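Below is one structure, written out as structure tokens; comments come after it.
Chains as they are written, first to last, in the numbering used here: chain E, 431 to 687; chain U, 31 to 199.
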């Protein structure tokens with residue numbers, strides 16, 4: 431095989447899944463109805479599971495390096511999915527800024543998932559035919575799950591947009607809050623082996639189809655956008671996520687249960 | 031030629047008795063997650079090593095680790111001392127690999143088996159899921175996400191019974 435994913439690329443894919451999965455897991459026990467609470471917990475679990483697969487692949491790659499001192503290692507001197515998730519600081523994370531933003535209300539949560547899952551769906555479609563067998567397998571598996579996420583979030587965005595004045599206003603507000611962050615999708619700063627131009631066109635067509643059903647104006651790609659996530663320059667929100675998520679491993683190194 | 035006291039066929043028989051922790055009527059073979067079994071004996075070892083290669087079902091399924099442990103325990107209890115569980119990701123598992131016997135067991139257990147093939151993408155279209163209890167086609171989706179990662183929640187409009195549906199994957 432000629433294509434070998436870089437550690438940065440794998441960590442970027444893993445961080446995206448972990449941070450969004452963690453955010454969605456915050457809804458567990460707080461959903462507006464039992465079915466939706468369970469749906470979000472299931473979706474969160476899908477992302478955390480995908481993160482484990484990407485981190486493990488990254489860890490395998492790191493462990494085959496001559497010098498792995500730049501990466502967090504366990505007591506045996508190995509990188510693992512856990513050392514990568516729990517022992518890196520905010521500036522090491524390479525996730526998109528969009529995914530670390532707080533959940534906000536139901537409109538922000540469902541619209542963010544739609545924007546992100548629609549991007550993920552197109553990305554994973556391309557990666558699922560990648561010549562690297564493990565990349566293709568992880569992508570193929572996650573793709574099926576993400577397809578369900580797109581459908582669920584799409585249904586909610588339409589329902590909010592086509593619902594009451596209040597729900598429509600909230601969806602509008604969510605759009606204005608989230609839209610400046612979508613530009614990071616198309617930078618492809620880590621040079622993933624994908625055709626970004628065709629993805630962008632398909633993504634915008636899909637989103638605008640949902641916007642039309644939601645009585646929202648058609649979205650146009652922003653001329654200026656928030657950026658920095660893939661280079662480790664994050665919003666203030668990421669540090670709070672990590673403080674909560676990593677507390678146990680930081681306070682009790684190598685703790686197991 | 032090495033002399034194995036354990037045949038691969040015997041290991042497959044044992045695996046047929048290892049069940050899924052979430053859907054205990056299904057064995058790991060019914061689920062289609064066992065990809066290969068090999069029995070090997072190296073020169074300076076007196077007990078053969080059994081390697082079972084499995085593939086995970088759902089990405090975030092917490093049962094995956096438990097399934098691997100149950101396989102190990104099942105073989106150890108049958109007196110096989112050296113058990114090695116290997117996980118392969120490729121090719122990715124799909125519900126198409128659930129055997130016809132597995133689908134029948136699911137239905138008898140009250141869980142509607144997957145409708146259609148996952149690879150033709152029809153799994154997201156509006157499918158008809160027959161009620162596993164009364165067989166009626168007049169059923170409706172209550173929630174696309176159910177009690178575990180692999181299931182959706184349906185209700186039968188005829189017998190009124192809510193039931194789990196094993197989603198295409």
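Glycine included, each C-beta is placed from N, C-alpha and C at the ideal position.
Since the model is a prediction, treat every value here as computed from it, not as a measurement.
Proximity below 8 Å, CB of residue i to CB of residue j
| i | j | result |
| --- | --- | --- |
| residue 689 (chain E) | residue 472 (chain E) | Here chain E comprises residues numbered 431 to 687, so residue 689 (chain E) is not present and cannot be evaluated. |
| residue 175 (chain U) | residue 142 (chain U) | no |
| residue 547 (chain E) | residue 587 (chain E) | no |
| residue 94 (chain U) | residue 81 (chain U) | no |
| residue 556 (chain E) | residue 625 (chain E) | yes |
| residue 590 (chain E) | residue 540 (chain E) | yes |
| residue 671 (chain E) | residue 449 (chain E) | yes |
| residue 646 (chain E) | residue 602 (chain E) | yes |
| residue 462 (chain E) | residue 582 (chain E) | no |
| residue 433 (chain E) | residue 623 (chain E) | yes |
| residue 60 (chain U) | residue 140 (chain U) | no |
Nearest-angstrom Cα separation, counted from residue j out to residue i
| i | j | result |
| --- | --- | --- |
| residue 32 (chain U) | residue 105 (chain U) | At residue 32 (chain U) the pLDDT is 45, less than 50, meaning the model places this residue with poor confidence; the figure from the coordinates comes in the next sentence. Rounded to whole angstroms, residue 32 (chain U) to residue 105 (chain U) spans 21 Å at the Cα level. |
| residue 614 (chain E) | residue 663 (chain E) | 12 Å |
| residue 186 (chain U) | residue 166 (chain U) | 7 Å |
| residue 575 (chain E) | residue 62 (chain U) | 19 Å |
| residue 66 (chain U) | residue 488 (chain E) | 26 Å |
| residue 443 (chain E) | residue 130 (chain U) | 36 Å |
| residue 123 (chain U) | residue 87 (chain U) | 6 Å |
| residue 164 (chain U) | residue 189 (chain U) | 7 Å |
| residue 544 (chain E) | residue 571 (chain E) | 19 Å |
| residue 71 (chain U) | residue 47 (chain U) | 25 Å |
| residue 629 (chain E) | residue 182 (chain U) | 30 Å |
| residue 634 (chain E) | residue 661 (chain E) | 25 Å |
| residue 685 (chain E) | residue 513 (chain E) | 12 Å |
| residue 116 (chain U) | residue 102 (chain U) | 11 Å |
| residue 493 (chain E) | residue 643 (chain E) | 49 Å |
| residue 128 (chain U) | residue 53 (chain U) | 13 Å |
| residue 637 (chain E) | residue 617 (chain E) | 19 Å |
| residue 654 (chain E) | residue 531 (chain E) | 18 Å |
| residue 92 (chain U) | residue 51 (chain U) | 10 Å |
| residue 681 (chain E) | residue 517 (chain E) | 11 Å |
Chain E within 8 Å of residue i, Cβ atoms only
| i | result |
| --- | --- |
| residue 165 (chain U) | no |
| residue 109 (chain U) | no |
| residue 184 (chain U) | no |
| residue 175 (chain U) | yes |
| residue 89 (chain U) | yes |
| residue 187 (chain U) | no |
| residue 61 (chain U) | no |
| residue 119 (chain U) | yes |
| residue 39 (chain U) | no |
| residue 172 (chain U) | yes |
| residue 122 (chain U) | yes |
| residue 179 (chain U) | yes |
Segment limits, beta strand (DSSP E) that includes residue i
| i | result |
| --- | --- |
| residue 200 (chain U) | Since the first and last residues shown for chain U are 31 and 199, residue 200 (chain U) lies out of range. |
| residue 192 (chain U) | 192 to 196 |
| residue 670 (chain E) | Note, residue 670 (chain E): premise wrong, no beta strand (DSSP E); alpha helix (DSSP H) at 667 to 681. |
| residue 114 (chain U) | 112 to 117 |
| residue 184 (chain U) | 181 to 186 |
| residue 84 (chain U) | 79 to 84 |
Residue i at chain U interface by Cβ criterion, 8 Å
| i | result |
| --- | --- |
| residue 746 (chain E) | For residue 746 (chain E) there is no data in the structure shown, the boundaries of chain E being 431 and 687. |
| residue 581 (chain E) | yes |
| residue 433 (chain E) | no |
| residue 494 (chain E) | no |
| residue 516 (chain E) | no |
| residue 564 (chain E) | yes |
| residue 626 (chain E) | no |
| residue 568 (chain E) | yes |
| residue 572 (chain E) | yes |
| residue 500 (chain E) | no |
| residue 578 (chain E) | yes |
| residue 465 (chain E) | yes |
| residue 525 (chain E) | no |
| residue 663 (chain E) | no |
beta-carbon residue i near the ligand MG non-hydrogen atom, thresh 7 Å
| i | result |
| --- | --- |
| residue 655 (chain E) | As presented, the structure is devoid of all ligands, the ligand MG included, so that no description of it is given. |
Host alpha helix (DSSP H) of residue i (start-end)
| i | result |
| --- | --- |
| residue 55 (chain U) | Unbroken run through residue 55 (chain U): none, as it is neither H nor E. |
| residue 539 (chain E) | 536 to 557 |
| residue 101 (chain U) | 93 to 107 |
| residue 36 (chain U) | Neither: residue 36 (chain U) is in no alpha helix (DSSP H) and is coded neither H nor E. |
| residue 576 (chain E) | 563 to 591 |
| residue 461 (chain E) | No alpha helix (DSSP H) holds residue 461 (chain E); DSSP gives it neither H nor E. |
| residue 49 (chain U) | That residue, residue 49 (chain U), is in no alpha helix (DSSP H); it is neither H nor E in DSSP. |
| residue 452 (chain E) | 437 to 455 |
Contact with chain B by residue i, beta-carbon distance below 8 Å
| i | result |
| --- | --- |
| residue 686 (chain E) | Protein chains E and U are contained in the structure displayed, whereas chain B is not. |
Task: Any alpha helix (DSSP H) of 4 or more consecutive residues that is wholly inside the region 469 to 531 of chain E - done: Counting only runs of 4 or more, we get 511 to 516 and 527 to 530.
Task: Continuous alpha helix (DSSP H) assignments of at least 4 residues falling wholly in the region 600 to 663 of chain E - done: 626 to 643
Task: beta strand (DSSP E) segments (min. 3 residues) lying fully within the region 127 to 173 of chain U - done: 169 to 173
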